[in-house]
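So the sequence shown is numbered by this note's numbering: it starts at 19 and just counts up by one.
Built from N, CA and C at the ideal position, the CB exists for glycine as well.
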Amino acid sequence: MASALKNLSDYNSNNLIDISGKKFGLVVAEWNKAITDTLCQGAYETLIKHGANPENIVRNTVPGSFELSFGAQLLAQNPAIDAVICLGVVIKGETKHDDYICHAVAQGITQVSLKYNKPVIFGLVTTNDEQQAWDRAGGKHGNKGIEAAATAIHMLGICE
Ligand code: DLZ
19 MASALKNLSD YNSNNLIDIS GKKFGLVVAE WNKAITDTLC QGAYETLIKH GANPENIVRN
79 TVPGSFELSF GAQLLAQNPA IDAVICLGVV IKGETKHDDY ICHAVAQGIT QVSLKYNKPV
139 IFGLVTTNDE QQAWDRAGGK HGNKGIEAAA TAIHMLGICE
């Protein structure tokens, strides 16, 4: 956690913004729920640590990562929301379902971001197995939820 926060201040040092009045939407997929909850916790704590008001953070859940785009759209279309963070975990199986889901989410949230002209962050962990997912949800590769929140803050700095 500490290293991701340090990175945030590094790349955002010329563009620090006050996020106390910013509103954030978190969209969290329920597939691999234990892992996505950990990503969500990392994202939430990062927003709070950098000054977000808890009342300004909404969390919506969707069944699976495929539904992240629609969940993001529901939040992004609300003029009060400044940035949306999508969190999901797609684990490779015997078929190519992971490819289809990941491409759909990447395209879908890009469209939402451009349509509503606000940051929609791709916090999708895509791995070969469950261990690799945990490695990226508080394990040896950090917590991608923290990175997603840091990216949202960075993007809001660019938007100002
Ligand atoms: C169906 C499915 C499969 C096989 N694997 C995952 C996964 O690893 N991660 C994830 O978030 N969702 C998965 N899903 C569910 C789809 O995202 C979606 O919810 C369903 O296909 C219904 O549209």
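Measure the alpha-carbon distance for K158 versus H172 and round it to whole angstroms. Looking at the two C-alpha atoms, the distance is approximately 24 Å.
Euclidean distance between Cα positions of V46 and I53: Whole-angstrom Cα-Cα distance: 10 Å.
With which residues is N78 paired in a DSSP beta bridge? N78 is bridged by DSSP to V45.
Any contact between the region 104–113 and the region 126–144? By contact I mean 3 or more CB pairs, one from each, below 8 Å. With a cut-off of 8 Å, the region 126–144 and the region 104–113 count as touching, because enough Cβ pairs lie within range.
Next on the checklist: Below 8 Å on the Cβ atoms is my contact criterion, and I expect L86 with A61 to pass it. Report the Cβ-Cβ distance as a whole number of Å.
Outcome noted: The C-beta distance from L86 to A61 rounds to 13 Å, too long to fall under 8 Å, and the pair is not in contact.
Worksheet entry | D100 burial status per 10 Å Cβ neighbour count (16 or more: buried) | By the beta-carbon neighbour count (other beta carbons within 10 angstroms, threshold 16), D100 is buried.
### Message
Let's see if you can read the secondary structure: which residues bound the alpha helix (DSSP H) around A90?
### Response
In the DSSP assignment, A90 falls within the unbroken alpha helix (DSSP H) covering 86–94.
- prompt: Around the ligand DLZ, what residues have a beta-carbon under 7 Å from a heavy atom of it, in chain order?
  reply: Selection output, chain order preserved: A47, W49, N50, P81, G82, S83, F84, E85, G106, V107, V108, I109, G111, H115, D116, I119.
Hey, would you say N146 sits closer than 7 Å to K110, going by beta carbons?
Taking a C-beta distance under 7 Å as the contact criterion, N146 and K110 qualify as a contact pair.
Discussion item. Given this structure, state the Cα-to-Cα distance separating Y134 from D153, to the nearest angstrom.
Written reply: Y134 and D153: Cα-Cα distance of roughly 33 Å.
### Query
Taking buried to mean at least 16 other C-beta atoms within 10 Å of its own C-beta, is N50 buried or exposed?
Buried, since its Cβ has 16 or more Cβ neighbours within 10 Å.
Q. How many Å lie between E112 and N161 at the Cα?
A. If you take the alpha carbons of E112 and N161, they lie about 26 Å apart.
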